[in-house]
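J.: Those protein sequence lines, which keep their order, are chains Z and A. Heads up: the first sequence begins at 419 in the working numbering, then just goes up one per residue. Heads up: the second sequence begins at 419 in the working numbering, then just goes up one per residue. After the structure tokens below, expect a handful of questions from me.
2 protein chains.
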Amino acid sequence: MAAAMTAETAGRARAFAERSSVESATLWIDARSAALGSEDVLLESALGRVLAAEIVASMDVPPCDRASTDGYALCATETVGAGAYNPLIFQIAETSDAAGPIAAGAGRAVRVAAGDAMPEGADAVVPMDAAQETGGGVVAIIDAATAADHVERHGAHVKRGAPILAAGRQIGAADIGALASTGLARACVVRRPRLCLVHVGLDGVTATDGAGAAPSSDVVHDANGPLLRALVARDGCTVADDRRIDRRRTAIREAIAAQATDADIILVVGGTGFGSNDEAAAALGDIGELALHGIALRPGGSAGMGRLGAALVFLLPGTPSSCLFAYELFAGRAIRRLGGRDARLPYKLRSFAAARKIVSSIGFTQICPVRLLGSDRVEPVTSFDEAGLFAATKADGFVIVPEGSEGFAQGATVDVYFHEDQCQKSKLP
Amino acid sequence: MAAAMTAETAGRARAFAERSSVESATLWIDARSAALGSEDVLLESALGRVLAAEIVASMDVPPCDRASTDGYALCATETVGAGAYNPLIFQIAETSDAAGPIAAGAGRAVRVAAGDAMPEGADAVVPMDAAQETGGGVVAIIDAATAADHVERHGAHVKRGAPILAAGRQIGAADIGALASTGLARACVVRRPRLCLVHVGLDGVTATDGAGAAPSSDVVHDANGPLLRALVARDGCTVADDRRIDRRRTAIREAIAAQATDADIILVVGGTGFGSNDEAAAALGDIGELALHGIALRPGGSAGMGRLGAALVFLLPGTPSSCLFAYELFAGRAIRRLGGRDARLPYKLRSFAAARKIVSSIGFTQICPVRLLGSDRVEPVTSFDEAGLFAATKADGFVIVPEGSEGFAQGATVDVYFHEDQCQKSKLP
Chain Z
419 MAAAMTAETA GRARAFAERS SVESATLWID ARSAALGSED VLLESALGRV
469 LAAEIVASMD VPPCDRASTD GYALCATETV GAGAYNPLIF QIAETSDAAG
519 PIAAGAGRAV RVAAGDAMPE GADAVVPMDA AQETGGGVVA IIDAATAADH
569 VERHGAHVKR GAPILAAGRQ IGAADIGALA STGLARACVV RRPRLCLVHV
619 GLDGVTATDG AGAAPSSDVV HDANGPLLRA LVARDGCTVA DDRRIDRRRT
669 AIREAIAAQA TDADIILVVG GTGFGSNDEA AAALGDIGEL ALHGIALRPG
719 GSAGMGRLGA ALVFLLPGTP SSCLFAYELF AGRAIRRLGG RDARLPYKLR
769 SFAAARKIVS SIGFTQICPV RLLGSDRVEP VTSFDEAGLF AATKADGFVI
819 VPEGSEGFAQ GATVDVYFHE DQCQKSKLP
Chain A
419 MAAAMTAETA GRARAFAERS SVESATLWID ARSAALGSED VLLESALGRV
469 LAAEIVASMD VPPCDRASTD GYALCATETV GAGAYNPLIF QIAETSDAAG
519 PIAAGAGRAV RVAAGDAMPE GADAVVPMDA AQETGGGVVA IIDAATAADH
569 VERHGAHVKR GAPILAAGRQ IGAADIGALA STGLARACVV RRPRLCLVHV
619 GLDGVTATDG AGAAPSSDVV HDANGPLLRA LVARDGCTVA DDRRIDRRRT
669 AIREAIAAQA TDADIILVVG GTGFGSNDEA AAALGDIGEL ALHGIALRPG
719 GSAGMGRLGA ALVFLLPGTP SSCLFAYELF AGRAIRRLGG RDARLPYKLR
769 SFAAARKIVS SIGFTQICPV RLLGSDRVEP VTSFDEAGLF AATKADGFVI
819 VPEGSEGFAQ GATVDVYFHE DQCQKSKLP
């Protein structure tokens with residue numbers, strides 16, 4: 419047994435000597451993560467969801483001609499010659515009048531508010547400031563109107579049958595308002611990916627339950643569970659199952675197999691290294707396809723990916739900072755694509771000058787945490803190797819140094835991914 | 419009655435002739451919208467919430483010295499002289515051994531995985547690729563180690579008592595992971611603003627219920643309700659009450675008064691113009707403070723704001739596009755501030771060249787929808803006046819032309835606020 423483990427270990431070490439590039443991993447993901455099928459949701463629950471199909475207007479908006487300002491609806495031809503020195507007097511009719519349509523020559527006007535349907539026969543609205551009510555049920559018009567003045571024509575905003583929003587659009591608040599104005603109550607959106615989480619080697623660790631117990635300082639608390647649940651929530655994913663198992667290859671195999679029928683995506687956390695008790699890759703290879711294992715990425719290099727049936731399986735390192743970036747670059751990308759979202763990293767991207775040299779190892783895509791200096795420069799801070807996830811809490815964002823680069827010289831322009839939460843409080847323009 | 423309404427109408431028309439600037443409205447808001455009190459939430463529910471107080475580490479992370487790589491923990495002094503041509507043989511002890519501490523001179527090594535606590539007495543880890551297990555319970559070390567090699571010291575990531583996150587930080591996924599690793603289960607965050615919505619003049623309009631009825635094409639569907647509920651959800655607000663009333667001043671007064679004790683913020687939608695049936699401002703003035711009514715903003719100029727007791731009251735125009743921007747610039751700003759968030763517009767801001775002249779009226783802050791042309795230019799599209807909310811669905815974003823400007827010349831650099839949902843699908847860099 420010891421000999422077998424040794425051989426295996428050596429095999430894995432060799433495999434890691436030929437790590438896949440981040441680019442090839444990305445290509446593998448993109449070829450296997452088209453947007454999922456659709457589901458109908460209430461429009462009011464659709465904020466942030468992605469349209470599965472184009473939406474066309476089911477009616478004209480506005481549905482009828484209407485006043486676009488508060489004022490007096492009348493026949494424009496009757497106001498010819500009106501002016502401050504030639505006020506023309508109109509009888510005020512209420513909209514609710516049974517007096518019939520406004521007709522040219524009748525000298526009648528209807529008081530309307532912006533948005534009111536135009537009274538039958540009227541073709542213009544004279545705004546309040548071009549009219550003076552002097553009592554006695556009459557109004558003096560002191561400015562001439564022409565037909566269609568302050569009238570919003572039916573269908574002016576959108577015409578029945580016209581496309582409103584394209585498939586693939588992530589629905590914003592204004593979109594919801596626009597769709598609601600066409601009477602739409604439901605929208606057909608890309609369904610959320612169903613995700614299963616498998617935590618390897620946490621079978622003995624009690625979940626932090628929030629019940630108020632003081633944190634114990636002599637144990638290792640699981641960071642990956644809370645981290646990943648927050649990440650997948652951000653990316654629009656539903657966690658269908660979340661289980662803790664021991665490190666054995668059979669246990670991992672069983673956990674993956676049990677979830678593959680239900681899940682669109684399975685994240686196996688931990689057991690991805692080339693240690694003798696790292697069995698995640700072998701377990702996936704036993705029952706499915708292990709496509710890539712070992713990637714030229716720091717942190718996150720022991721990540722892997724493959725498939726079992728229709729489910730994509732991602733192997734995420736157990737070290738939290740490695741788990742974070744293996745998620746962001748690989749699993750998160752797949753989730754965002756399955757959900758029809760923008761595949762790119764959901765961070766704010768800005769260019770800054772490097773205040774100091776940013777160093778990276780050639781041959782590895784390296785994630786370098788940086789801090790803002792003033793408004794236009796960044797400097798590297800404590801690395802993820804040195805501070806784990808606390809490198810992220812100390813930094814304002816990170817730079818991704820590509821595989822072929824040794825880093826950036828002082829003064830070079832670098833693209834910085836800002837933590838969403840660090841873009842506030844006017845730190846960023 | 420008609421005469422009284424006339425006098426009132428005239429009064430309002432004059433008031434609107436002296437509109438407040440967007441800047442003065444902003445100052446009024448900022449002086450009255452400090453972050454609310456705090457509440458305790460489960461860390462796992464804290465994504466996007468804003469910390470009410472600084473968080474300091476309650477323990478060292480890591481809590482003990484641990485291996486930072488898979489390999490063999492041993493005494494570094496025992497490896498002096500080790501090399502490929504001088505392999506030094508160590509007895510392998512399991513971590514679970516009862517053999518006691520590793521001691522210098524004993525020739526023992528313990529197989530460890532990254533993250534394992536260092537065995538007592540060991541002070542370095544020799545990584546897998548500097549060791550060869552040859553069976554028989556021994557390992558050959560082929561590279562010398564020095565003390566602390568591949569050992570992560572307790573407290574290396576963060577030390578007990580050290581500040582982790584500052585008050586005011588909007589909590590991101592990596593933050594949740596970092597906090598969880600210190601055993602934290604709950605976080606003290608700024609509580610969500612409690613909001614009440616009052617829809618004026620919608621008492622006869624049936625809410626779109628999503629029950630599957632085909633939309634009726636001859637009625638006006640309420641866009642403001644769905645629009646505002648999406649906007650306040652985006653801004654982290656809880657809707658405590660949502661009611662539809664008629665346009666009468668007494669009805670508006672009662673609705674505001676009924677909600678002022680419970681709400682941090684009340685949005686009164688509709689009835690804000692200077693028409694004879696626009697009573698929202700008068701109703702607020704009757705029972706509370708009407709601070710501003712009529713703002714030099716297009717769309718959204720008939721907005722108003724004031725207070726009743728501790729509640730901020732915003733009067734939003736009933737025209738959906740006006741409602742949208744009166745919310746974004748005023749009510750939304752207050753909500754974001756009350757919730758401790760970044761007050762600024764939650765859009766992505768980028769600079770582009772104007773491909774065509776962008777025209778605005780001097781004396782008004784004007785919101786001009788624009789569309790991307792290629793990767794570096796924008797052009798104005800159908801205005802909110804012409805297309806209502808559909809101007810937003812047709813545009814990629816908008817430009818805010820300040821009050822003192824007549825717009826931007828062709829070729830000028832303009833700051834564009836991009837709809838979040840339009841930043842995807844690689845339209846934006």
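Even for Gly, the Cβ is constructed at its ideal location relative to N, Cα and C.
Please list the terminal residues of the continuous alpha helix (DSSP H) segment that includes residue 661 of chain Z.
T.: Not the alpha helix (DSSP H): residue 661 of chain Z falls in the beta strand (DSSP E), residues 656 to 663.
J.: Sorted by chain position, which residues of the same chain lie with C-beta nearer than 6 Å to residue 571 of chain A's C-beta, five sequence neighbours on each side aside?
T.: So the qualifying residues of the chain are 483.
J.: Please classify residue 451 of chain A: is it buried, with 16 or more other beta-carbons within 10 angstroms of its beta-carbon, or exposed?
T.: So residue 451 of chain A ends up on the buried side.
J.: Does residue 741 of chain Z come out as helix, strand or coil in the three-state DSSP assignment?
T.: Helix at residue 741 of chain Z.
J.: Checking contacts by CB at 7 Å: is residue 537 of chain Z closer than that to chain A?
T.: No, because no Cβ of chain A sits closer than 7 Å to the Cβ of residue 537 of chain Z.
J.: Using 7 Å as the limit for Cβ to Cβ distance, is residue 811 of chain Z near chain A?
T.: Chain A contact via Cβ: present.
J.: Measure the C-alpha to C-alpha separation of residue 474 of chain A and residue 599 of chain A and round it to an integer number of angstroms.
T.: Distance between the alpha carbons of residue 474 of chain A and residue 599 of chain A is about 12 Å.
J.: Hey, could you find the ends of the alpha helix (DSSP H) residue 440 of chain Z is sitting in?
T.: Note, residue 440 of chain Z: alpha helix (DSSP H), 440 to 448.
J.: Among Z/560, Z/739, Z/602, Z/764, whose alpha-carbon lies nearest the alpha-carbon of residue 800 of chain Z?
T.: Of Z/560, Z/739, Z/602, Z/764, the residue nearest in Cα terms is Z/739.
J.: Anyone know if the C-beta pair for residue 613 of chain A and residue 657 of chain A falls short of 7 Å?
T.: Contact flag set, yes.
J.: Residues of chain A with CB closer than 8 Å to the CB of residue 583 of chain Z, please, in chain order.
T.: In chain order: 811.
J.: Please list, in chain order, all residues of the same chain as residue 771 of chain Z whose beta carbon is under 8 Å from its beta carbon, the five residues on each side excluded.
T.: So the qualifying residues of the chain are 794, 795, 796, 829, 830, 831, 832.
J.: I'd like the ranges of any alpha helix (DSSP H) spanning at least 4 consecutive residues and lying wholly in the stretch 763 to 793 of chain A.
T.: Counting only runs of 4 or more, we get nothing.
J.: Can you find a C-beta in chain A that's less than 7 Å from the C-beta of residue 659 of chain Z?
T.: Answer no: the Cβ-Cβ gap between residue 659 of chain Z and chain A never drops below 7 Å.
J.: So for residue 837 of chain A, helix, strand or coil by DSSP?
T.: Reduced to three states, the DSSP call for residue 837 of chain A is coil.
J.: Taking 7 Å as the cut-off, decide whether the C-beta atoms of residue 729 of chain Z and residue 681 of chain Z are in contact.
T.: Yes, the pair counts as a contact, with Cβ atoms nearer than the cut-off.
J.: Could you spell out the range, first to last residue, of the beta strand (DSSP E) harbouring residue 462 of chain A?
T.: No beta strand (DSSP E) contains residue 462 of chain A, which DSSP labels as neither H nor E.
J.: Report the option in A/660, A/705, A/777, A/448 whose CA atom is closest to the CA atom of residue 820 of chain A.
T.: It is A/777 whose Cα lies nearest to the Cα of residue 820 of chain A.
J.: On the DSSP bridge assignment, give the partners of residue 831 of chain A in chain order.
T.: Its beta-bridge partners are A/771.
J.: I'd like to know whether the C-beta atoms of residue 488 of chain Z and residue 577 of chain Z end up nearer to each other than 7 Å.
T.: Not closer than 7 Å, so no.
J.: Using only CA atoms, which one of A/691, A/750, A/453, A/773 lies nearest to residue 765 of chain A?
T.: That would be A/750, whose Cα lies nearest to the Cα of residue 765 of chain A.
J.: Looking at the structure shown, is residue 717 of chain A part of a helix, part of a strand, or coil, going by DSSP?
T.: Coil at residue 717 of chain A, not helix or strand.
J.: For residue 645 of chain A, which residues in the same chain have their Cβ closer than 7 Å to its Cβ, ignoring the five residues on either side in sequence?
T.: So the list reads 738, 741, 742, once near-sequence residues are dropped.
J.: Taking any Cβ of chain A, which residues in the stretch 458 to 470 of chain Z have a Cβ under 7 Å from it, in chain order?
T.: Within the stretch 458 to 470 of chain Z, the qualifying residues are 460, 461, 462, 465.
J.: Here's the rule: buried if 16 or more other CB atoms are within 10 angstroms of the residue's CB, otherwise exposed. What is residue 504 of chain Z?
T.: That one is exposed.
J.: Enumerate in chain order the residues of its own chain whose CB-to-CB distance from residue 699 of chain A is below 7 Å, with the five nearest sequence positions on each side excluded.
T.: Within the same chain, residue 699 of chain A has close Cβ partners 690, 708, 711, 722, 733.
J.: Taking C-alpha atoms, which residue in Z/695, Z/641, Z/588 lies nearest to residue 471 of chain Z?
T.: Cα-wise, what sits closest to residue 471 of chain Z is Z/588.
J.: To which residues of the same chain is residue 671 of chain A closer than 6 Å at the C-beta, ignoring the five residues directly before and after it?
T.: So the list reads 701, 704, 705, once near-sequence residues are dropped.
J.: Counting only Cβ-Cβ distances shorter than 8 Å, please list the residues of the stretch 681 to 710 of chain Z near chain A, keeping chain order.
T.: Under the 8 Å Cβ criterion, the stretch 681 to 710 of chain Z contributes 691, 692, 693, 694, 695, 696.
J.: Can you grab the Cα-Cα spacing for the pair residue 760 of chain Z / residue 447 of chain Z, in whole Å?
T.: Those two C-alpha atoms are separated by around 14 Å.
J.: Whose C-beta lies closer than 8 Å to the C-beta of residue 536 of chain Z among residues of the same chain, with five residues either side of it excluded?
T.: Hits under 8 Å: 482, 483, 484, 485, 491, 530, 543, 569.
J.: Taking the C-alpha atoms as reference points, what is the distance between residue 469 of chain A and residue 561 of chain Z?
T.: Rounded to whole angstroms, residue 469 of chain A to residue 561 of chain Z spans 58 Å at the Cα level.
J.: Any Cβ of chain Z within less than 7 Å of the Cβ of residue 805 of chain A?
T.: Closer than 7 Å: yes.
J.: Identify, in the order they occur along the chain, each residue of the same chain with its Cβ nearer than 7 Å to the Cβ of residue 628 of chain A, setting aside the five sequence neighbours on each side.
T.: Confidence at residue 628 of chain A is low in this model, with a pLDDT of 44, below 50, so its placement is unreliable and the value that follows should be read with caution. Excluding positions up to five away in sequence, the list is empty.
J.: Can you find a C-beta in chain Z that's less than 7 Å from the C-beta of residue 599 of chain A?
T.: By this cut-off, residue 599 of chain A is an interface position.
J.: Name the residues in the stretch 587 to 621 of chain A whose C-beta lies less than 7 Å from a C-beta of chain Z; which are they?
T.: Listed in sequence order: 587, 588, 589, 590, 591, 592, 593, 594, 595, 596, 598, 599, 600, 601, 602, 603, 604.
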